[in-house]
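**Student:**
Chains as they are written, first to last, in the numbering used here: chain A, 1 to 475; chain B, 1001 to 1390.
Here you go:
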């Protein structure tokens, strides 16, 4: 009853706009979320609406529209001579929250079709020309995971000695590429362009616009399967880069088992064993970082990076190899690699009251999860704690992926597993049971409360691996 | 789900410290366990009791809103009904709100709470409660009684003497004569207060009278202790009932000529110490100590043993903290005092020892229930025909 009453409060409209904002004003995503929501009072749990101009405008439309609907309903009630008419009028009045939650999508749709899309199309076309004419080395970075990290790593290693420009943060679709192109000066030695595939055909589209002459494929894992029918479709989309870049200039992460089947002859592999003739030895990882040695002929490079986990050896090795190809000296490479450190929320170690939290909350794929769990297993600690809500966007693979996730957790043998209570929790538990996990298991009903009070759950000597985090639009 | 009442505040100089202990170290972790309903019970400075959900918010006290609240809010009563029930009059129609309490977590420091008075009420109600019982609280909170009990258990301490505050008013000669047998520097302390309130370090005879008067102002009994040379202070949080377990030996970072008063302990984060390490290894909730204490292995072990002996000989249960004085040259550990409810539960130390805040409060609840269960097995009735004789 309270839930229904909540729909008639002002906060309900704020919630609707918040949902639109969180789904980046994508009508379908918004409606899917709206239809599966039972309790609107709990939607704005983690964050609040940012009162931007579009948000304020939408809020105004909702209020005006609703007031008009209520007036219409009242007119029908009072002017109708029959009881039937009064009931219809009353229904019009009571229906305004649901009606306007749907009608609000219409201005968004028209705004997108008639204003935003033409503007973006023009910008993208212009960027096509800019990329084509650019004389720098254009490196496309694609894959189901690890793209942003790879891009940041290359930038850290190359930029002290080369003019490097890269697409910002995780802005990795055509329009972001177009904005990126519009800001280029034209004298850059290297462009690092991240490809964020989200639906079939994305990667060829990005490649046709950005004209890459080198490509890195960071790995294949189930991701974005809400739009790709199968994992194979996603992998083929990513590997379609071979239509745009010479095989000898494509580098594929061979530590990604699912990528192996797609590597064509002539393409380069990079992994924990080596790349481009470089051999790797003495790889070690602890809470302070990762170290290893690379040898090629008489050249020996000693690598010490602040990145956590042996899964970073391959990407780091590729950075070294490419830096060497681009003419950086051994000293420059070693110095630049030493500057690499964990990126925010990606295997980022944080000390807290004598314990360590490895913040991997931006990790959203099973391969990344396994890599983190591998690190957790290898680390020494008084007590190991693993925290996760599971993964999103796994489509038909949701059950299988989370059973696999649970099994991987059990293999890492944490002393305590903490799961956030949601739609995939039972699948993870099934995986844990399958693999015989018999240590402590805790299910958290309120993730926000848990995260904000984490220090109360920890003691000195603990290592906590926190992987992935679900925003309000997942449950 | 069990209901736990956390009682804090009180008529004590450590009223404010108690609020912080309750809100930060007890209520928050208890709620995070998701196993208990937590009811905050605040005892105002005038001794009135209040029970209200809003009393869990530290801002309520920081903003001064609490002052208005206690003027307007209905006071809480307690009902002994084969257990403990909180009773609050409703604002409407003379109705009353009742809440049966399954367990009490006292978070009181100092007089009228930590000293056994509150425990007496809880014993009468026959409700399980966390921490030391009546006799151990009384002993622990009376520095003189604690010395007498531990001495009888052959636990060493520095030479000391004591007097009633009234004696000072009737002439100081006899007192000074007793004190003359001690070597300077001396420490003059009120017998019952914690948090270093009213304590003076006396290095010369001309400072003595003032120190005695200050201590007498706060308490009806005053203890005078001889200082220790080559001093390392050490404190050991301990928890458990019959088989207590120690946390880590903690060493306040201060030079031998310094000591921490209330201001230094709670208001400045322990920055008063001028030793070269002062504050450098701050790690406690009060930010002034080294954990574990930097002592040779044998002395560390001796201090741990002495701490446990003190805990057992004074009959402590649940949780307590034993303070010791270590003469590093003579390799001697001496008992100093015992605190039956350490500020903030000394959670910072337990954290270092591998126990989180949530685990700490959970264990203390378990110990409280264990002690209560054991008490239930004792016979409290005895049939006689005594009444029939009248």
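All C-beta atoms in this analysis are idealised placements derived from N, C-alpha and C, irrespective of residue type, glycine included.
These numbers were taken from a predicted model, which means no experiment stands behind them.
Excluding the 5 residues flanking residue 8 (chain A) on each side, which residues of the same chain have their C-beta closer than 6 Å to its C-beta?
**Tutor:** The answer is none, since no qualifying residue turns up.
**Student:** Between residue 1149 (chain B) and the rest of its own chain, which residues show a CB-CB distance below 6 Å, the 5 nearest in sequence each way excluded?
**Tutor:** Here the set comprises 1139 and 1314.
**Student:** Using beta carbons (cut-off 8 Å, strictly below), is residue 1358 (chain B) in contact with chain A?
**Tutor:** At least one chain A Cβ lies under 8 Å of residue 1358 (chain B).
**Student:** For the stretch 1113–1175 of chain B, list the beta strand (DSSP E) runs that are entirely contained and at least 3 residues long, ordered along the chain.
**Tutor:** Counting whole runs of 3 or more residues, the stretch 1113–1175 of chain B contains the beta strand (DSSP E) stretches 1160–1164.
**Student:** Could you list which residues in chain B have their beta carbon closer than 7 Å to that of residue 458 (chain A), in chain order?
**Tutor:** Those within 7 Å of residue 458 (chain A) in chain B are 1356.
**Student:** Please list the partners that residue 461 (chain A) has in chain B, where partner means a Cβ-to-Cβ separation under 7 Å.
**Tutor:** What residue 461 (chain A) touches in chain B: 1354.
**Student:** By the 8 Å beta-carbon criterion, what residues does the stretch 64–75 of chain A contribute toward chain B?
**Tutor:** Answer in chain order: no residues at all.
**Student:** What does the alpha-carbon distance come out to for the pair residue 1199 (chain B) and residue 1339 (chain B)?
**Tutor:** Rounded to the nearest angstrom, the two C-alpha atoms are 16 Å apart.
**Student:** Whose C-alpha, out of A:349, A:270, A:319 and A:338, is nearest the C-alpha of residue 288 (chain A)?
**Tutor:** The shortest C-alpha separation from residue 288 (chain A) is found at A:349.
**Student:** Tell me which residue opens and which closes the beta strand (DSSP E) that residue 420 (chain A) is part of.
**Tutor:** First-last of the beta strand (DSSP E) with residue 420 (chain A): 416–420.
**Student:** Classify residue 1203 (chain B) as buried or exposed, calling it buried when 16 or more other Cβ atoms lie within 10 Å of its own Cβ.
**Tutor:** The residue is exposed, with fewer than 16 neighbouring Cβ atoms inside 10 Å.
**Student:** For residue 1135 (chain B), return the contacting residues in chain A, with the cut-off set at a CB-CB distance below 7 Å.
**Tutor:** Ordered by position in chain A, no residue passes the 7 Å Cβ test against residue 1135 (chain B), which lies about 32 Å from the chain.
**Student:** Are residue 222 (chain A) and residue 399 (chain A) closer than 8 Å when you measure CB to CB?
**Tutor:** Taking 8 Å as the Cβ cut-off, residue 222 (chain A) and residue 399 (chain A) do not qualify as a contacting pair.
**Student:** So, is residue 1379 (chain B) buried or exposed, given that buried needs 16 or more other C-beta atoms within 10 angstroms?
**Tutor:** The residue is exposed, with fewer than 16 neighbouring Cβ atoms inside 10 Å.
**Student:** At which residue ranges does the stretch 318–384 of chain A contain complete alpha helix (DSSP H) runs of 4 or more residues, listed in the order of the chain?
**Tutor:** Runs found: 330–338 and 366–378.
**Student:** Less than 8 Å between the beta carbons of residue 212 (chain A) and residue 165 (chain A), yes or no?
**Tutor:** Cβ atoms of residue 212 (chain A) and residue 165 (chain A): not closer than 8 Å.
**Student:** The alpha helix (DSSP H) that contains residue 1065 (chain B), what's its start and end?
**Tutor:** Unbroken alpha helix (DSSP H) run through residue 1065 (chain B): 1065–1072.
**Student:** Let me know the secondary structure DSSP gives residue 1382 (chain B) once reduced to three states.
**Tutor:** Residue state, collapsed to three classes: coil.
**Student:** Taking only the alpha-carbon atoms, compute the straight-line gap between residue 69 (chain A) and residue 90 (chain A) and give it to the nearest angstrom.
**Tutor:** Cα to Cα, the separation comes out at about 11 Å.
**Student:** Could you tell me the alpha carbon to alpha carbon distance between residue 76 (chain A) and residue 86 (chain A), rounded to whole angstroms?
**Tutor:** Rounded to the nearest angstrom, the two C-alpha atoms are 6 Å apart.
**Student:** Count the other C-beta atoms from every protein chain shown that fall within 10 angstroms of the C-beta of residue 22 (chain A), then say buried if there are 16 or more, exposed otherwise.
**Tutor:** Burial call: buried.
**Student:** Taking the runs of the alpha helix (DSSP H) that are 4 residues or longer, which of them lie wholly in the stretch 1–27 of chain A?
**Tutor:** Correct list: 2–6 and 10–22.
**Student:** If we call anything under 8 Å between Cβ atoms a contact, is residue 1090 (chain B) one with residue 1070 (chain B)?
**Tutor:** No, Cβ-Cβ distance for residue 1090 (chain B) and residue 1070 (chain B) is not below 8 Å.
**Student:** Just the C-alpha distance for residue 32 (chain A) and residue 1108 (chain B), rounded to the nearest angstrom, thanks.
**Tutor:** Using only the alpha carbons, I get a separation of about 52 Å.
**Student:** Tell me, to the nearest whole angstrom, how far the beta carbon of residue 1228 (chain B) is from that of residue 1160 (chain B); I am working on the premise that it is less than 8 Å.
**Tutor:** The pair is not a contact, with the Cβ atoms about 11 Å apart (cut-off 8 Å).
**Student:** Based on Cα-Cα distance, which residue from A:157, A:101, A:419 and A:353 lies nearest to residue 461 (chain A)?
**Tutor:** Considering only alpha carbons, the answer is A:353.
**Student:** When you compare the CB positions of residue 1322 (chain B) and residue 1238 (chain B), do they come within less than 8 Å of one another, or not?
**Tutor:** Yes. Within cutoff.
**Student:** Under 8 Å between C-beta atoms, does residue 1288 (chain B) make it to chain A?
**Tutor:** Chain A, which has no Cβ nearer than 8 Å to the Cβ of residue 1288 (chain B), makes this no.
**Student:** Can you give me the Cβ contacts of residue 18 (chain A) inside the same chain, cut-off strictly under 6 Å, excluding the 5 residues immediately before and after it?
**Tutor:** Taken in chain order, the residues that qualify are 44 and 49.
**Student:** Could you tell me which of A:321, A:265 and A:241 sits nearest to residue 272 (chain A), measuring between CA atoms?
**Tutor:** Here the closest residue by C-alpha is A:321.
**Student:** According to DSSP, simplified to helix, strand and coil, what is residue 119 (chain A)?
**Tutor:** Here residue 119 (chain A) sits in helix by DSSP.
**Student:** Listing by chain order, which chain B residues have their CB less than 7 Å from the CB of residue 422 (chain A)?
**Tutor:** Neighbours of residue 422 (chain A) on chain B: none; closest Cβ ~17 Å, over 7 Å.
**Student:** Verify whether the separation of the beta carbon atoms of residue 1011 (chain B) and residue 1111 (chain B) is less than 8 Å.
**Tutor:** Contact: yes.
**Student:** Any beta carbon from chain A within less than 8 Å of residue 1028 (chain B)'s own beta carbon?
**Tutor:** Closer than 8 Å: yes.
**Student:** Determine contact between the stretch 1335–1351 of chain B and the stretch 337–344 of chain A, defined as no fewer than three beta-carbon pairs at a distance below 8 Å.
**Tutor:** Flag = no, the stretch 1335–1351 of chain B and the stretch 337–344 of chain A do not touch.
**Student:** Confirm, please, whether the CB-CB distance from residue 254 (chain A) to residue 280 (chain A) is below 8 Å.
**Tutor:** Contact: no.
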